[in-house]
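FYI, the UniProt record's numbering numbers position 744 of the sequence shown as 744, with every residue one higher than the one before it.
Below you'll find the structure, written out as structure tokens, and then a few comments.
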Amino acid sequence: MEWGRTKASAQSVTDGHISSTRYSNRLGMCSMFLPELSALVAALLFALHPVHTEAVTGVVGRAELLSSICFLSAFEAYSRSARPKSSTNWGPLMVTVMLVTGAMLCKEQGITIVGMHLRDVVELGPRFLEGKGEKGGLYAPFLRISTLIATSVCLLLARVLVMGAQLPVFTRFDNPAAGSETPVRQLTYNYLLSVNAKLLLAPADLCCDWTMGTVPLVESLADPRNLETLTFYLTLGALVRVALTSPSTAHREVVCMALALMAFPFLPASNLFFPVGFVVAERVLYMPSMGFCLLVAFGWQLLSTRRGWRKGMWLGLGFLLVVHAGKTWVRSMDWETESSIFLSGLKVNHRNAKLYNNVGHAFETQGHFQDALKFFQQAVRVQPDDIGAHINVGRTYNNLKMFDESEAAYLRAKSLLPKARPGESYQARIAPNHLSVFLNLANLIARNSSRLAEADRLYRQAIAMRADYTQAYINRGDILIKMNRNHDFLLALRTREAQEVYERALFYDSKNPDIYYNLGVVFLEQGKALQALAYLDKALEFEPEHGQALLNSAVLIQEYGLTDLRPLAIQRLNTLLYREPHNERVHFNLGMFAMDERDFAAAEAHFKLAVGQKEDFRSALFNLALLLAEAKRPLEAVPFLNQLLKFHPDHVKGLILLGDIYINNMKDLDAAEKCYERILSVEPENVQAQHNLCVVYVERGELGKAETCFATAHRLAPHEDYIHRHWGIVRTRIQQQQQQQQHQHQQQQQPQHRPPEPSCEGDGASCPPAL
Numbered sequence: 001m002e003w004g005r006t007k008a009s010a011q012s013v014t015d016g017h018i019s020s021t022r023y024s025n026r027l028g029m030c031s032m033f034l035p036e037l038s039a040l041v042a043a044l045l046f047a048l049h050p051v052h053t054e055a056v057t058g059v060v061g062r063a064e065l066l067s068s069i070c071f072l073s074a075f076e077a078y079s080r081s082a083r084p085k086s087s088t089n090w091g092p093l094m095v096t097v098m099l100v101t102g103a104m105l106c107k108e109q110g111i112t113i114v115g116m117h118l119r120d121v122v123e124l125g126p127r128f129l130e131g132k133g134e135k136g137g138l139y140a141p142f143l144r145i146s147t148l149i150a151t152s153v154c155l156l157l158a159r160v161l162v163m164g165a166q167l168p169v170f171t172r173f174d175n176p177a178a179g180s181e182t183p184v185r186q187l188t189y190n191y192l193l194s195v196n197a198k199l200l201l202a203p204a205d206l207c208c209d210w211t212m213g214t215v216p217l218v219e220s221l222a223d224p225r226n227l228e229t230l231t232f233y234l235t236l237g238a239l240v241r242v243a244l245t246s247p248s249t250a251h252r253e254v255v256c257m258a259l260a261l262m263a264f265p266f267l268p269a270s271n272l273f274f275p276v277g278f279v280v281a282e283r284v285l286y287m288p289s290m291g292f293c294l295l296v297a298f299g300w301q302l303l304s305t306r307r308g309w310r311k312g313m314w315l316g317l318g319f320l321l322v323v324h325a326g327k328t329w330v331r332s333m334d335w336e337t338e339s340s341i342f343l344s345g346l347k348v349n350h351r352n353a354k355l356y357n358n359v360g361h362a363f364e365t366q367g368h369f370q371d372a373l374k375f376f377q378q379a380v381r382v383q384p385d386d387i388g389a390h391i392n393v394g395r396t397y398n399n400l401k402m403f404d405e406s407e408a409a410y411l412r413a414k415s416l417l418p419k420a421r422p423g424e425s426y427q428a429r430i431a432p433n434h435l436s437v438f439l440n441l442a443n444l445i446a447r448n449s450s451r452l453a454e455a456d457r458l459y460r461q462a463i464a465m466r467a468d469y470t471q472a473y474i475n476r477g478d479i480l481i482k483m484n485r486n487h488d489f490l491l492a493l494r495t496r497e498a499q500e501v502y503e504r505a506l507f508y509d510s511k512n513p514d515i516y517y518n519l520g521v522v523f524l525e526q527g528k529a530l531q532a533l534a535y536l537d538k539a540l541e542f543e544p545e546h547g548q549a550l551l552n553s554a555v556l557i558q559e560y561g562l563t564d565l566r567p568l569a570i571q572r573l574n575t576l577l578y579r580e581p582h583n584e585r586v587h588f589n590l591g592m593f594a595m596d597e598r599d600f601a602a603a604e605a606h607f608k609l610a611v612g613q614k615e616d617f618r619s620a621l622f623n624l625a626l627l628l629a630e631a632k633r634p635l636e637a638v639p640f641l642n643q644l645l646k647f648h649p650d651h652v653k654g655l656i657l658l659g660d661i662y663i664n665n666m667k668d669l670d671a672a673e674k675c676y677e678r679i680l681s682v683e684p685e686n687v688q689a690q691h692n693l694c695v696v697y698v699e700r701g702e703l704g705k706a707e708t709c710f711a712t713a714h715r716l717a718p719h720e721d722y723i724h725r726h727w728g729i730v731r732t733r734i735q736q737q738q739q740q741q742q743h744q745h746q747q748q749q750q751p752q753h754r755p756p757e758p759s760c761e762g763d764g765a766s767c768p769p770a771l
């Protein structure tokens with residue numbers, strides 16, 4: 001279904017309903033069987049009937065509108081082809097054939113228009129018995145009917161071929177009576193006829209969904225609802241009696257046509273030929289309501305001509321039209337949004353778990369997971385054996401990051417699946433949407449790398465239940481690649497097995513771009529770049545805007561240096577950028593291509609856009625900082641490196657680059673030391689960090705620490721010449737420092753030599769005076 005349509009869309013379906021009303025009044029059976037005033041009454045009743053709201057507002061109902069227009073047009077065209085009845089006008093008859101085809105393509109019950117023209121067969125019977133032959137006009141009607149029957153047979157055969165000669169698979173919740181035993185099934189099917197009749201007669205409690213527990217099963221003859229069934233058949237019998245025995249030919253024709261209009265279009269939805277996937281559907285009453293409105297208008301015409309009844313009938317008609325108009329307005333407001341229509345259904349129906357599920361889906365779509373969870377849990381309480389409700393609960397818990405509760409809900413859903421029986425096909429006994437429990441549970445379990453084998457078993461179980469379940473193949477292939485990733489031999493085996501899984505999936509769905517994309521990933525894991533690129537190109541052949549294939553094929557071209565394909569890679573990235581202008585990975589890879597082409601301005605712009613979209617994008621942050629550092633703008637790189645380390649504190653290359661900037665540009669040796677020590681706490685054998693830490697000690701003049709540090713670095717990388725050379729420089733400096741210190745020490749240890757005192761003896765000597 002579709003809600004919140006644009007004004008143009010709403011106007012188009014309203015125009016369709018108006019067209020159906022116009023055809024039923026002026027061009028079709030109303031004007032053919034009723035006087036002008038009564039035909040107008042029938043058209044007004046049809047236009048305002050509240051049961052039409054679903055057909056007019058829901059996207060599925062558009063098929064009903066189109067089918068009805070073709071249905072009525074075919075009726076009118078066939079009538080023109082039979083004027084006069086003794087001959088055939090082939091132009092209108094061919095138009096009738098095309099319109100019958102169009103009606104059936106829109107909706108299966110469109111083909112029942114053929115049954116509306118069986119009155120020709122009824123007319124043929126007496127003439128054939130009288131032996132009037134062609135003179136009596138047998139040939140032309142027989143030719144027209146034969147043409148329509150042949151057309152119908154061809155259309156039915158085409159329909160069977162399209163369906164693969166198989167009926168759709170429905171759960172017992174879609175139509176509970178279909179899986180019930182005799183006589184519960186027959187009693188319920190017959191009771192549903194009276195339910196549909198009540199919707200036409202008194203459309204008070206309308207509901208968008210009538211499946212599951214909305215209409216409880218009629219389990220015995222003592223059920224009082226059987227009286228409603230009996231009343232329905234008595235009324236139908238009375239009308240049939242009028243159609244067959246009324247002395248007035250006009251009365252017979254009107255009632256006969258009204259009954260035919262109600263009966264024939266409803267036959268496909270009646271469970272008479274095969275079970276349908278619903279209990280009651282208001283939209284399928286769109287065409288039968290034409291016959292109902294025709295019958296009511298005819299009854300109004302008969303009663304209004306009685307003496308003393310005219311005024312009362314006009315007042316009653318006016319009141320009915322006003323009430324119908326009001327109810328239709330309210331129902332139109334109910335269909336305004338997804339949540340409003342399902343909430344309106346819960347006002348009149350508390351036994352339908354599907355309504356609770358649908359309200360939950362509406363909240364889930366809006367991101368209100370807590371509110372959605374409440375409705376999903378209520379659905380489980382209303383219908384404890386509803387597998388879909390348990391799946392919804394599990395998915396919502398998963399969205400709320402409550403993984404244990406989610407797993408428990410999925411396991412309960414899985415436990416409700418029908419158990420396999422020896423020699424019996426499981427595929428035919430399970431609804432396809434219920435198989436999603438295996439995928440959801442496996443995806444949840446696969447979050448834990450130690451449980452990948454358990455997830456793989458779930459995928460294999462889903463594939464065993466339905467061999468053409470391509471999504472299970474896709475997910476299983478992904479699991480196989482993740483398993484044993486740390487063991488090269490086992491990884492090779494797993495990737496080969498994943499390749500076989502995807503190739504098997506192609507057998508069932510050879511045009512699925514996701515399968516080709518995943519095969520490309522497998523070959524990439526195997527190191528077969530050209531084969532991987534071929535499969536990515538194949539995915540793009542089937543879906544030119546496949547986002548992952550566009551991105552990863554461009555990355556592959558860049559990483560493997562396929563220079564002749566670089567323009568193609570850039571073109572693909574720009575294509576993806578046009579569709580997803582805020583995709584940070586696209587900006588990053590365009591930045592990397594710009595770096596390769598030395599267009600540093602463009603690279604910087606793309607890296608900044610990538611970081612702007614994802615502030616913890618480690619590759620973009622580091623490459624942007626590196627670009628700025630190499631462009632002699634190291635101080636501009638520091639904020640991006642700090643941002644990188646905020647989200648990824650153990651990013652080794654980022655720490656090394658920041659440490660180098662601290663040493664060379666900011667002269668902050670303490671900050672640089674912290675960077676290198678952080679690296680060594682994560683990677684104790686990181687040679688570059690060990691060497692740069694030694695440089696910090698040298699810059700500080702702590703040559704002893706530097707010598708010990710270089711010794712450790714040399715032990716880590718004994719064949720690195722630059723470490724040995726720098727270590728030698730430090731040892732030389734230490735020796736020089738030691739020699740200088742030794743020399744100074746020796747000088748301090750030598751006695752001091754003073755000049756001799758002058759002698760008082762001798763010629764001309766002067767001595768201090770004695771005290």
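Glycine residues also receive a C-beta, built at the ideal position from the N, C-alpha and C atoms.
If you're wondering where the values come from, they're calculated on a predicted model, not measured in any experiment.
### Task
Can you give me the Cβ contacts of Cys675 inside the same chain, cut-off strictly under 6 Å, excluding the 5 residues immediately before and after it?
Indexing the sequence shown from 1 puts residue 675 at position 675. If we look at Cys675 and ignore the five residues flanking it on each side, its Cβ neighbours are Leu655, Leu658 and Gly659.
### Query
Are Leu156 and Thr188 touching if we call contact CB-CB under 7 Å?
Looking up residue 156 in the sequence shown gives position 156. Looking up residue 188 in the sequence shown gives position 188. The answer is no: Cβ separation not under 7 Å.
### Message
Quick check for students: name the residue ranges of the alpha helix (DSSP H) that lie wholly in the stretch 295–358, counting only runs of 4 or more.
### Response
DSSP runs (the alpha helix (DSSP H)) wholly in the stretch 295–358: 310–334 and 338–348.
#### Entry: Cβ neighbour criterion (16 or more within 10 Å) applied to Ala428
Counting from one through the sequence shown, the residue named residue 428 turns up at place 428. Note that Ala428 scores 44 on pLDDT, short of 50, meaning its location in the model is unreliable; the coordinates nonetheless yield the value given after this. If you draw a 10 Å sphere on the C-beta of Ala428, you find fewer than 16 other C-beta atoms in it, and that means exposed.
### Message
Using CA atoms only, rank isn't needed, just tell me which of Arg310, Leu143, Ala689 and Ser289 is closest to His714.
### Response
For this step, residue 714 is matched to residue 714 along the sequence shown. Per the Cα distances, Ala689.
### Message
With the cut-off set at 7 Å, would you say Ala297 and Ser81 are in Cβ contact?
### Response
As a working note, residue 297 is residue 297 in the sequence shown. As a working note, residue 81 is residue 81 in the sequence shown. Taking 7 Å as the Cβ cut-off, Ala297 and Ser81 do not qualify as a contacting pair.
### Query
Measuring from the CB of Phe507, is there a heavy atom of the ligand ATP at a distance below 6 Å?
Absent from the structure shown: the ligand ATP. Ligands present: none.
### Message
Does the structure place the stretch 61–72 close enough to the stretch 314–330 that three or more beta carbon pairs sit under 8 Å?
### Response
no
### Query
If you draw a straight line from the alpha carbon of Gln383 to that of Asp371, how long is it in whole angstroms?
Counting from 1 along the sequence shown, the entry for residue 383 is found at position 383. Counting from 1 along the sequence shown, the entry for residue 371 is found at position 371. Cα to Cα, Gln383 sits roughly 19 Å from Asp371.
### Task
With DSSP as the reference, label Phe266 as helix, strand or coil.
As a working mapping, residue 266 is identified with position 266 in the sequence shown. Coil, per DSSP.
### Message
Less than 7 Å between the C-beta atoms of Pro50 and Arg331, yes or no?
### Response
The residue given as residue 50 occupies position 50 in the sequence shown. The residue given as residue 331 occupies position 331 in the sequence shown. With a cutoff of 7 Å on beta-carbon distance, Pro50 and Arg331 are scored as near each other.
### Query
Counting pairs of beta carbons, one from the stretch 33–48 and one from the stretch 186–203, are three or more of them closer than 8 Å?
no
### Task
Helix, strand or coil for Tyr560, going by three-state DSSP, please let me know.
Walking along the sequence shown from the start, residue 560 turns up at place 560. Of the three classes helix, strand and coil, the one that applies to Tyr560 here is coil, per DSSP.
### Task
Could you tell me which uninterrupted alpha helix (DSSP H) segments, each at least 4 residues in length, are contained entirely in the stretch 359–419, listed from first to last along the chain?
Correct list: 369–382, 387–399 and 403–415.
### Query
If you draw a straight line from the C-alpha of Phe375 to the C-alpha of Met212, how long is it?
Translated into positions along the sequence shown, residue 375 becomes position 375. Translated into positions along the sequence shown, residue 212 becomes position 212. So the two alpha carbons sit approximately 16 Å from each other.
### Task
Confirm, please, whether the CB-CB distance from Arg700 to Leu669 is below 7 Å.
Position 669 of the sequence shown, counted from the first residue, corresponds to residue 669. Position 700 of the sequence shown, counted from the first residue, corresponds to residue 700. In contact: Leu669 and Arg700 (Cβ atoms closer than 7 Å).
### Query
So the alpha helix (DSSP H) Leu201 belongs to, where does it begin and stop?
The count along the sequence shown starts at 1 and reaches residue 201 at position 201. Leu201 -> alpha helix (DSSP H) spans Val184 to Leu201.
### Message
Between the alpha carbons of Ala671 and Tyr662, how many angstroms are there, rounded?
### Response
Numbered from its first residue, the sequence shown carries residue 671 at position 671. Numbered from its first residue, the sequence shown carries residue 662 at position 662. C-alpha separation (whole angstroms): 7 Å.
### Task
Compute the Euclidean distance between the alpha carbons of Trp210 and Glu543, then round it to the nearest angstrom.
For the purposes of this step, residue 210 is taken as residue 210 along the sequence shown, with counting starting at 1. For the purposes of this step, residue 543 is taken as residue 543 along the sequence shown, with counting starting at 1. The alpha-carbon atoms of Trp210 and Glu543 are separated by roughly 38 Å.
### Query
Would Pro311 be called buried (16 or more neighbouring beta carbons within 10 Å of its own) or exposed?
Residue mapping note: residue 311 aligns to position 311 of the sequence shown, counting from 1. First, the amino acid is wrong: residue 311 is Lys here, not Pro. Exposed, since its Cβ has fewer than 16 Cβ neighbours within 10 Å.
### Query
By DSSP, does Pro50 sit in helix, in strand, or in coil?
Start at 1 with the first residue of the sequence shown, and residue 50 comes out as number 50. Reduced to three states, the DSSP call for Pro50 is helix.
#### Entry: the stretch 272–291 contacting the stretch 137–149, beta-carbon criterion three pairs below 8 Å
no
### Query
Phe33 and Val254: beta carbons closer than 7 Å?
Numbered from its first residue, the sequence shown carries residue 33 at position 33. Numbered from its first residue, the sequence shown carries residue 254 at position 254. Closer than 7 Å, so yes.
### Task
Report, in whole angstroms, the separation of the C-beta atoms of Met116 and Ala260, which I expect to be a contact under 8 Å.
For the purposes of this step, residue 116 is identified with residue 116 of the sequence shown, where counting begins at 1. For the purposes of this step, residue 260 is identified with residue 260 of the sequence shown, where counting begins at 1. The Cβ separation is near 6 Å, so the contact holds.
### Message
Does Asn440 pass the burial test, meaning 16 or more other C-beta atoms within 10 Å, or should it be called exposed?
### Response
By 1-based counting over the sequence shown, the position of residue 440 is 440. Buried, since its Cβ has 16 or more Cβ neighbours within 10 Å.
### Query
In angstroms, rounded to a whole number, what distance separates the CA positions of Phe274 and Ala103?
On the sequence shown, position 274 is the one that residue 274 refers to. On the sequence shown, position 103 is the one that residue 103 refers to. So the two alpha carbons sit approximately 21 Å from each other.
### Local conformation of Met666 per DSSP, three classes
One-based indexing of the sequence shown puts residue 666 at position 666. DSSP places Met666 in coil when its eight states are reduced to three.
### Proximity to His350 [Cα-Cα], best of Ser87, Cys208, Ala717 and Ala629
By one-based count along the sequence shown, residue 350 stands at place 350. Checked all of Ser87, Cys208, Ala717 and Ala629; the closest Cα to His350 is Cys208.
### Message
Within 10 Å of its beta-carbon, does Lys632 have 16 or more other beta-carbons around it, so buried, or fewer, so exposed?
### Response
By one-based count along the sequence shown, residue 632 stands at place 632. The residue in question, Lys632, is exposed, as its Cβ has fewer than 16 Cβ neighbours within 10 Å.
### Query
Ordered along the chain, which non-local residues of its own chain (more than five positions away) have a Cβ less than 6 Å from that of Asn271?
Here residue 271 refers to the residue found at position 271 when the sequence shown is read from its first residue. Closer than 6 Å at Cβ, skipping near neighbours: Tyr189.
### Message
For Lys414 and Leu550, I'd like the C-alpha separation in whole angstroms.
### Response
Position 414 of the sequence shown holds residue 414. Position 550 of the sequence shown holds residue 550. The alpha-carbon atoms of Lys414 and Leu550 are separated by roughly 37 Å.
### Query
Since Thr147 is in the alpha helix (DSSP H), which residue starts that stretch and which ends it?
Looking up residue 147 in the sequence shown gives position 147. Start and end: Tyr139 to Val162.
### Query
Among residues of its own chain, excluding the 5 on either side of Asp599, which ones have a beta-carbon nearer than 7 Å to its beta-carbon?
To locate residue 599, count along the sequence shown from 1; it is residue 599. Cβ neighbours of Asp599 beyond the five flanking positions: none.
### Task
Within the same chain, show all residues whose beta-carbon is closer than 6 Å to that of Gly477, passing over the 5 residues directly before and after it, in chain order.
Here the question's residue 477 lines up with position 477 in the sequence shown. Excluding residues within five positions, the ones whose Cβ falls inside 6 Å are Ala498, Val501, Tyr502 and Asn518.
### Query
What do you reckon, are the CB atoms on Ala706 and Cys694 nearer than 7 Å?
Along the sequence shown, one-based indexing puts residue 706 at 706. Along the sequence shown, one-based indexing puts residue 694 at 694. Cβ atoms of Ala706 and Cys694: closer than 7 Å.
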